Amino acid sequence: MAVIRLRSRMHIWRHRTYNRWADLRARAAGYCNHAPWHPIPGQGGGYAHWRCALRAGHTGVHRSRNYVWDRTGRTTYRPLPAGQNLPDQPWRRSMTPTAAQERARGRWLDEQLSARAVHRTRNAS
Ligand SMILES: [Zn+2]
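Under the numbering used here, the residue at position 52 of the sequence shown is numbered 54, and the numbers go up by one with no gaps.
Listed below in structure tokens is the structure:
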């Protein structure tokens with residue numbers, strides 16, 4: 003069991019490291035690199051591996067291929083006309099959330115469980 007857990011942690015560590023490296027390269031190459039995804043359900047949108055493929059400092063919505071999103075991360079499918087190049091980055095990210103995102107998600111889950119426990123206690127009496 004410990005070996006499986008260690009392999010999982012190694013997998014996560016490897017993907018996080020690569021994501022950080024790809025994000026660093028993207029910013030250095032002048033990409034906006036904004037990510038729409040948020041670890042708490044109902045906030046943000048899209049997928050954890052999406053990054054804006056427009057140049058840093060662009061105006062309007064963020065875009066990756068045929069999807070756009072605003073600063074809150076709310077995504078919309080807005081395809082470009084056929085034949086037009088789709089904005090994309092050369093580095094593919096994994097879906098592995100960052101450590102900060104994982105912590106935020108853990109805190110949110112703890113809050114949900116606490117609220118549910120309080121609700122059950124009130125309704126039990
Ligand atoms: Zn952008």
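Here a beta-carbon is modelled for each residue, glycine too, at the ideal position from N, C-alpha and C. Just so you know, these numbers come straight off a predicted model, no measurement behind them.
His-60 carries a coil assignment under DSSP once its states are collapsed to helix, strand and coil. Two segments are said to touch when three or more pairs of C-beta atoms, one from each, lie closer than 8 Å; by this definition the segment 57-77 touches the segment 32-41.
Just so you know, the alpha carbons of Arg-76 and Ser-66 end up roughly 13 Å apart. Distance between Thr-61 and Ser-96, taken at the CA atoms: about 27 Å.
Per DSSP, reduced to three states, the secondary structure at Tyr-69 is strand. With 5 Å as the limit, the residues whose C-beta approaches a heavy atom of ligand 1 more closely than that are Cys-34, His-36, Cys-54, Leu-56 and His-64, in chain order. In the DSSP secondary-structure assignment, Gly-46 is bridged to Trp-39. In terms of CA proximity to Arg-57, Tyr-33 leads the group Gly-44, Gly-47, His-51 and Tyr-33.
When secondary structure is reduced to three states using DSSP, Thr-19 falls in the helix class. Beta-bridge pairing by DSSP links Thr-78 to Val-70.
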